[in-house]
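Chemist: Before we start, here is the structure in question, set down as structure tokens.
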Amino acid sequence: MKGGIVSLPASELFSEEAEWEKAARGTDGRIYPWGNHWDPTRANTDENGLLDTTPVGSYPQGASPYGVQDMAGNVWEWTSTEWRDYPYQANDGRENLSNQEDKVIRGGSFIDTSRHTRATYRYFGFHATYTLDSGGARLVRGGRRDPRWHADDGGTGV
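The sequence shown begins at 861 in the working numbering and counts up by one.
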């Protein structure tokens, strides 16, 4: 779907920020999902000049260590995590699913540069009612709080 508004229970479907980061970086601390060096052929960003979204999977060479597509560029991705400063602490209330505070978005978009598409870059919180033309959602499939998707190091921040 492109350009529409969808109402979803974000607390149950969006990934937590730590889950998102681990899916993007793996466990070896890479800067981008594919490694440590920027390559504009691996993500839909401003450097490509398309200035529009592309179908998921259009940049297969940019997949994360887990095979997850489009973790860098294309659209900013909402997380269920409340914006709070790092260091990340899952027990500080930021993962309270009933909390309606501003949420972290990750990944950068088609109008952003490589700096914003680093796997550790986090953009300030947006309220769930905010409309973001270069934003989207990555829905989690499977059980919530799956330990395989939680960052072993608690995330690294910006």
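No residue lacks a Cβ here, since even glycine has one placed at the ideal position from N, Cα and C.
Report yes if the CB atom of Thr980 is closer than 9 angstroms to the CB atom of Thr905, and no otherwise.
Modeler: No; because the gap between Cβ atoms is not below 9 angstroms, this pair is not in contact.
Chemist: Check this for me: beta carbons of Tyr892 and Ala932, under 9 angstroms apart or not?
Modeler: Yes. Within cutoff.
Chemist: Measure the Cβ-Cβ separation of Val964 and Glu877 and say whether it is below 9 angstroms.
Modeler: Yes.
Chemist: Could you tell me if the beta carbon of His976 falls within a distance shorter than 8 angstroms of some heavy atom in the ligand PLP?
Modeler: Among the ligands in the structure shown, none appear at all, so the ligand PLP cannot be discussed.
Chemist: Is Phe970 closer than 9 angstroms to Val916 when the C-beta atoms are compared?
Modeler: No, Cβ-Cβ distance for Val916 and Phe970 is not below 9 angstroms.
Chemist: Would you identify the three-state DSSP class for Gly927, choosing helix, strand or coil?
Modeler: Three-state result, Gly927: coil.
Chemist: Looking at the structure shown, is Gly922 part of a helix, part of a strand, or coil, going by DSSP?
Modeler: Looking at Gly922 - three-state DSSP - the assignment turns out to be helix.
Chemist: Excluding sequence positions up to five away, which residues of its chain have a Cβ less than 8 angstroms from the Cβ of Ala883?
Modeler: Contacts found: Ser875, Ser924, Tyr926, Val928, Met931 and Trp1009.
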